[in-house]
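For reference, the structure discussed in these notes is given below.
There are 2 protein chains.
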Amino acid sequence: MPLAIALTLLWTHGTAPRVTSKRVYFFGSGQVEGNAQESALLGGKGANLAEMTKLGLPVPPGFTIATSVCREFEAGGERLPDKLSHEIELYLSRLEKFLSLEFGSTERPLLLSVRSGPPISMPGVMDTILNIGLNDISVEGLAEQFGDRRFAYDTYLRLIAMYGESLIRGNNGGDSWSLFDDALAARKREVNVERDSDLNDEHLAELVQIYKEIIITETGRPFPQDPREQLLQAVSAVFRSWNSPRAVAYRRLNNITASVGTAAIVQVMVFGNLGDTSGTGVAFSRDPNTGESSFFGEYLINVQGQDVVSGIRTPMPINGPGEDTLKGRIPAVYAQLHTICQTLERHYQDMQDIEFTVQRGELFLLQTRTGKRTAEAAVCIAVDMVHEGLIDKRLAVVRVTPEHIDQLLYPMLDLQAHYSVLARGLPASPGVATGVIVLDPAEAESLGKQGNKVILVRSETSPEDVASMYVTEGVLTSRGGMTSHAALVARGIGRPCVVGCADMVVDRKADTVRIGDQILHLGDTITIDGSTGDIILGEVATVQAPVTRKLDELMQWADEYRRLRVRANAETPADATTALKFGAEGIGLCRTEHMFFGPERIALMRQMILADTDIGRRGALGLLAEMQREDFRELFASMAGLPVTIRLLDPPLKEFLPNSHEEVLQVAEALGQKLEIVQGKVDRLWEHHPMLGLSGCRLGVKYPEIYETQVQAIFEAAVIVKRSGLQVHPEIMVPLVMTTAELAWARAIIDRVATKVFQRSQVAVGYLVGAAIEVPRAALVADTLARHADFFSFGVHELTQLTLGISSDAAASFLPTYVEDGLLSREPFQMIDEAGVGRLIRLAIKHGRSGRLDIKLGMCGEHGGDPFSVAFSHRAGLDYVSCSPFRVPVARLAAAHAALQEQD
Amino acid sequence: MPLAIALTLLWTHGTAPRVTSKRVYFFGSGQVEGNAQESALLGGKGANLAEMTKLGLPVPPGFTIATSVCREFEAGGERLPDKLSHEIELYLSRLEKFLSLEFGSTERPLLLSVRSGPPISMPGVMDTILNIGLNDISVEGLAEQFGDRRFAYDTYLRLIAMYGESLIRGNNGGDSWSLFDDALAARKREVNVERDSDLNDEHLAELVQIYKEIIITETGRPFPQDPREQLLQAVSAVFRSWNSPRAVAYRRLNNITASVGTAAIVQVMVFGNLGDTSGTGVAFSRDPNTGESSFFGEYLINVQGQDVVSGIRTPMPINGPGEDTLKGRIPAVYAQLHTICQTLERHYQDMQDIEFTVQRGELFLLQTRTGKRTAEAAVCIAVDMVHEGLIDKRLAVVRVTPEHIDQLLYPMLDLQAHYSVLARGLPASPGVATGVIVLDPAEAESLGKQGNKVILVRSETSPEDVASMYVTEGVLTSRGGMTSHAALVARGIGRPCVVGCADMVVDRKADTVRIGDQILHLGDTITIDGSTGDIILGEVATVQAPVTRKLDELMQWADEYRRLRVRANAETPADATTALKFGAEGIGLCRTEHMFFGPERIALMRQMILADTDIGRRGALGLLAEMQREDFRELFASMAGLPVTIRLLDPPLKEFLPNSHEEVLQVAEALGQKLEIVQGKVDRLWEHHPMLGLSGCRLGVKYPEIYETQVQAIFEAAVIVKRSGLQVHPEIMVPLVMTTAELAWARAIIDRVATKVFQRSQVAVGYLVGAAIEVPRAALVADTLARHADFFSFGVHELTQLTLGISSDAAASFLPTYVEDGLLSREPFQMIDEAGVGRLIRLAIKHGRSGRLDIKLGMCGEHGGDPFSVAFSHRAGLDYVSCSPFRVPVARLAAAHAALQEQD
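For the protein sequence lines, the chains are D and E, in the order given.
Residues in the first sequence are numbered consecutively from 600, following my numbering.
Residues in the second sequence are numbered consecutively from 600, following my numbering.
Below, the structure is given as structure tokens:
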């Protein structure tokens, strides 16, 4: 069952609430209504309070108003349902009897807290009001009850401030905490003291009046003296805060649906502000930073809960060296807390984050929840708990998210370091990089090769910048989105990258970069954080999460559960080695065009394209062929025994055309043709919509020599490698297939060249031929296409562009708004558009299998490293995904999650 | 049955041949093997010869070697099947007995012709060899037999020349007729005569030797003296000519599949070259030019068949005034021929084209076939034959093709006029236009408005040229394909247009147009023929086929059969009036962006787009709204009672952005903003792939004011028109829908604005809201989309671009090769790609109907006027197509054909 819960939380962010007419659920003294399985109804906090109560732990009694009431509140135009106050009344009297206190009593007033309890924790986002039940009269009763008038006024003051704050924020959306703070500070100046604790009870009583005046001034209504009105107002405030801008923003960022609503928890107050044997704190059953199995926590003496969270005072550790620890000060409470933590961890089978209060030496638990943790801790805890016999391997695998893996593989900014962020762009490729600003790619390449640390800063990058990107520390662009050229290449080669920094202006003429008001020059050092998008002046220290033995262990478990194979996109032996290190099971995409962008090679490509005759073309191609053969030989050798999918030349012709006058001149000279004639050809080959023009196998049809040469290089390399005693499994992918006849045409060339090479060398190599499904038409004719294909490789990026009619360039200009406004459920260039593109892929799979039952099916490109898209690939029945080497572990884990989810 | 044949010929261009092992089929003297229904087996000519023989008409006997033998010949590496010569031998002896002649005899030689007989007529394309059976000895026997030595040598000479020509062409593909012609001319010079007929028998006998030497020289082999070798060689030559470059080209142009093969017809010779009571000619049962019901034909005295066809001598009419007519010279033969023509027309129920030979006063029929006819004649004959009770209305409708209709609606070059073609481009919009060359659109507009006849000549056109296109005679561009901007607009407004003339260079600097070597200047007069793509210097006379009463009658019959409705694409009342005249049943596409391209309006659009605030935008939009309301009012009024589909603003933002510095300055001044700021905005809005960017309803989402304004203008106009007592049926189309949420969003705006307008005016108008299905994703989510749509309108042009991943700009650069090489079966921007785009549309229809059973389905854009795409629309179950006004009759007829084909 815990596995199911964990999965539910991971994948659906909240289950459907139980339908019931009951609104209020009691907990206290071992009796509970509802249980921890009902977090959808009771909220996470409410459910866990009930559970702890059942376990006999010291929880102040109270009752939970169910999440369904929040929905009633919304539906009723922000009014509580009529019957609610009656139900609350019944539960109040139950509490009163239980504690022998009276709500609203002037002598022994029962004080209550009202907290929010959403099904998914939203820490610090929603309203909390403590000390409800106090008024000008009962405050004196409280003073008498505890024999501490200062405490009573401190408590009353907190009630008024929290109430006021909540009301004012609800009224005008503003943050008014400072009004009360300012008044407090003014009072301290008047009486000439420094610390809050130096104010005596009279000072505080005067502040009560001042606070009450602030409320009248700001809201036009007095602070209610009637405790029942306070209570209902506080419940309303909690429900209202569910739709506060803060809460809406938080939910959007964390993919939590708004429809669930929050519970409101009404609980008897316990006081951490009752002197030196009182206090409040948080404890973790294990270290949330490292995952080490050591009891960990912080506390403050003589405060109420808010003070710990707000960070006004620096808390102290609960254990460790020194005397100020909880262990040192109140050892009995410490021991009790330690035991409870262990109990709870065993009960919940996960690391717990516990809020506690000590009231005059007596321990109370106010909350327990699954503790948030760093990526490192997540892996460590999951693996340790398996070894401790606490959880099984499946659950361990589920507990670590793909995002955790992502974080673990890159260095991170040291959070202890001091730095200020100049601007923020889109976090396009994770990791931190520091280097000097260089604007010119050639200069960047040259400096980089000399061992300098360089950040390439550009408006946007083009394929000719790739060579320089390999030798720079990171890339920063002012334009482009998460799938811009810079982003794609950087992720592919594992370089930190920040793109689309709209506040930045790159001025090539002046050789400056303007960020906001700041002008940076060539050679200035900057740091970029590709995980957050931050751009920072100067160098910042980083920390590297060690890729531990525990991670390897976890990934092995993940591999036991997944069905989907994971390959890597790689062009170089270096990429291939990285891919293997990260567990790739082959290469799913080798983009041969990346092999053509070196200066020498691109010059030959240009000659080839602009040559007048087949012979002219073959001359240039002959030279390219030798280089390619060597490329492929290295790649096959480093992936020995594993499949290597090679995509024949794919990009739009335009990417190989000379741009500048010099480049045209160079080609003209090489070809011995007139400049004007070559320029004329370039102009004619220029296309309005390169993406919708002469690219992919259309290039191959126009210049069959290109494909013939490439295929020959592939097979010659394969033969060499096979002769050396290694296994080689080439899979040749025909790009941008549109019609069945195209694939049949390409296949005929491939088979013919293969036969020729094998006959000549007397060595035969098994190979596959397949189609890249990037054009919607290919998916639509998958049945006939499959008769000529050994495999399909879905190019989801291209397929998304064409199926949605959006170029990835254009995407940045309006897709974010679309996602925000709900016109699209998610960014389709990051996570597959399941309803549209996904449907097309499923159609192609169905038809493809009808054409050839055993056709091999894969997905290549950036989506292959996105957990959501990996899960889709599993469900749709693909055989493998292929992604950047650095994302292979992410894909492996996501594939395991998908398989486990299916089993459940 | 004739209907079925006609349809078969129209739609499939040849039926599957019967499987049989019989190779040779006899006809003669009332006995036949096989019949006219077996044209797939016997070829058209062979089947009709058999049929005429059965009817007891005077057909020289012979036998047909079936088309299957042609396929055997091909499969066997251009060798006749072994058993064939044996079978031929059997039939030869049958002929010999029948005629008391002997093949190869030196005294009474049986002479034979061998003609090709493909299932579909390919006139003049394939080989024919006459007079087979003659050699150096039997030529004297023939002389004796007919008592005419000159005739015998003339006949022999023709055999050698035809045999030699066929062999030489088969050997080296060259055209060698001139070798024999040159020899003949040389001989005439030597003996000092002018005409062939002045050469006597001795001259001809000498020429026989010369011709034979030519054959040895050219082929290395002598002319065979063995008649049987002659016969088999001739049969081989006919089969070989099936795959001659000429024949392959002809079939490609006429969509005839190569697999059918040709029959070879071996027939006893009759001689038209036996003196003044002999001759040969062609006759038509009705006038093939006008369709008039008058006997029509031409003949030559004392010639063999070739001379009539080759046009060396000018033939004489068979009837009419003057004495040289057949009627005047050999009245009995004329009368017999006339009767036979009427018999054959009645038998075949169609106008017949008959070849005849008169041998010494005796009439022989060599061929009958359905006569080719002009568009005018096609309509006239079809309608007349119905009135004559010869055929029914269904058959009449089928007999007229959509291409006929197309021709009838445009003026054509007078074929009698003398002119020479400078160059040829793509025939983008039919009709002929003459005018002076103008390169600048503004100048063209101004000159055109002053009443000058102008041809706008451009590299390519852009939306801002549209205003000038309205006032020019025609448009000529050097770039772009059949679906380029120029082509689309020209077809839409019915202007002749030739595009993609690669031989033409437009030099704006020099104000010249270079076509080949010729430099043309501004003001030079040219003529363009948008039906052929011809570009001609100077003015050429044109003829206008009258759109007759008969056409109206035929179209009414067509309307009785069709199920598919036909609407027109129209923006102006003038367009609407044309559309109604041509029988449109509403407007299926009013592209509102066309209403924004006037100079005043585009300035306002630019202000709107570049304004900083909603208010700024609404200011410019307010002015535009008034103009739009008036536009819509006029459109609704002229289409009263019929549906009018209005597409909300659709084109890429880029089309509205200012281009030049002056335009940016103008906008900046109007907005009171700094130039740099406006320029910066323009730069930011610029897109790499405008077609895949911010256009269609994405613009609406970004600037909701645009749609609100347009919708308000639509409903206000509708209210005005309804108040005036007219019926109005607006259907609002949301362009480029990608997600269901987009359509729901747009529908909410439309419904809200409608309610507001109706409440204010106290008049309500029924309206529909639908989605343009242009993005593949929309088709894929048609089920959910349909829940928010009253109709779908398939924008096949856009859908083709995205489904195939080809921009229509790029199409010209490689699609023609694709179609030629069979990588695509047809040009998808002209005829719908049924396998790909068609499948997507069928999917959307199925899913759409599952979402909303009664959803209305239409197709809009250029494909709506293409007969193939109309037929698809019918079969797929669409409710209507919408096309240019000028193509409405074409679509109506094509829809009727589709319906009739379905019934069969």
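Think of the CB as a built atom: it goes at the ideal place given N, C-alpha and C, for glycine as much as any other residue.
Owing to the predicted nature of the structure, the values given are computational and were not obtained by experimental measurement.
- If you keep only unbroken alpha helix (DSSP H) runs of at least 4 residues inside the stretch 795-843 of chain E, you get 800-818, 826-840.
- When DSSP states are grouped into helix, strand and coil, H1017(D) belongs to the coil group.
- For A1109(D), no Cβ of chain E is located within less than 8 angstroms of the residue's own Cβ.
- Counting along the chain, R707(D) sits inside no alpha helix (DSSP H), nor does DSSP assign it H or E at all.
- E1341(D) sits close to V1300(D), with the two beta carbons spaced by under 8 angstroms.
- L1291(D) and S1406(E) do touch by the CB rule: their CB atoms are close to 4 angstroms apart, below 8 angstroms.
- Note that the stretch 1251-1268 of chain D touches the stretch 1203-1223 of chain D; at least 3 beta-carbon pairs, one per stretch, sit closer than 8 angstroms.
- Collapsing the DSSP output to three states places K1048(D) in a helix.
- In the structure shown, K682(D) falls within a coil segment according to DSSP collapsed to helix, strand and coil.
- Between the C-alpha atoms of G642(E) and A974(E) there is a straight-line separation of about 26 angstroms.
- Close CB contacts of T1308(D) within its chain, under the 6 angstroms cut and outside five residues either way in sequence, are with L1220, A1224 (chain order).
- Judged by DSSP secondary structure, Q951(E) falls within the beta strand (DSSP E) whose first and last residues are 951-958.
- If you compare the alpha carbons of E1184(E), G878(E), G1182(E), A1175(E) with that of R1190(E), the shortest gap goes to A1175(E).
- Of all residues in the stretch 1401-1429 of chain D, only L1401, T1402, L1403, G1404, I1405, S1406, D1408, A1409, S1412, F1413, T1416, Y1417, D1420, G1421, L1422, L1423 place a beta-carbon less than 8 angstroms from a beta-carbon of chain E.
- Within the stretch 1132-1157 of chain D, no residue places its CB atom closer than 7 angstroms to a CB of chain E.
- Remark: three or more beta-carbon pairs, one from each stretch, lie closer than 8 angstroms, so the stretch 808-826 of chain D and the stretch 732-740 of chain D are flagged as touching.
- Assignment of beta-bridge partners to H1120(E) by DSSP yields T1111(E).
- DSSP places R1161(D) outside both helix and strand once states are collapsed to three, so it counts as coil.
- Collapsing the DSSP output to three states places I1201(E) in a helix.
- Here G890(D) is buried. Its C-beta has 16 or more other C-beta atoms within 10 Å.
- Annotation: A1343(D) to G645(E) spans about 38 angstroms, alpha carbon to alpha carbon.
- Of the candidates Q966(D), I1125(D), A1109(D), V623(D), the residue whose Cα lies closest to the Cα of V1035(D) is I1125(D).
- Under the DSSP assignment, G1457(D) falls in the beta strand (DSSP E) whose first and last residues are 1455-1459.
- In terms of beta-carbon proximity, E1341(D) lines the interface with chain E, with at least one pair separated by less than 8 angstroms.
- Shown here, E688(D) sits in a helix according to DSSP, grouped into three states.
- Annotated three-state conformation of Q935(E) is helix, per DSSP.
- Per DSSP, the continuous alpha helix (DSSP H) segment holding F1314(E) begins and ends at 1303-1322.
- Around the Cβ of G1435(D), a 10 Å sphere holds 16 or more other Cβ atoms; the residue is buried.
- What W1285(D) touches in chain E, judged by beta-carbon distance under 9 angstroms, is nothing: the nearest beta carbon there is about 10 angstroms away.
- Under the DSSP assignment, H1328(E) falls in the beta strand (DSSP E) whose first and last residues are 1328-1333.
- Contact check for V713(E) against I728(E) passes: the beta carbons are separated by less than 8 angstroms.
- S628(E) and Q935(E) have their C-alpha atoms roughly 18 angstroms apart.
- Within the stretch 1358-1379 of chain D, the residues whose Cβ lies closer than 8 angstroms to any Cβ of chain E are, in chain order, E1373, V1374, P1375, R1376, L1379.
- Under the Cβ distance rule, V1300(D) counts among the residues neighbouring chain E, one pair being separated by less than 8 angstroms.
- Distance from the CA atom of S667(E) to the CA atom of P1251(D), rounded to whole angstroms, is 47 angstroms.
- Check the Cα spacing between Q1429(E) and each of L758(E), V1418(E), S835(E), L698(E): the tightest is with V1418(E).
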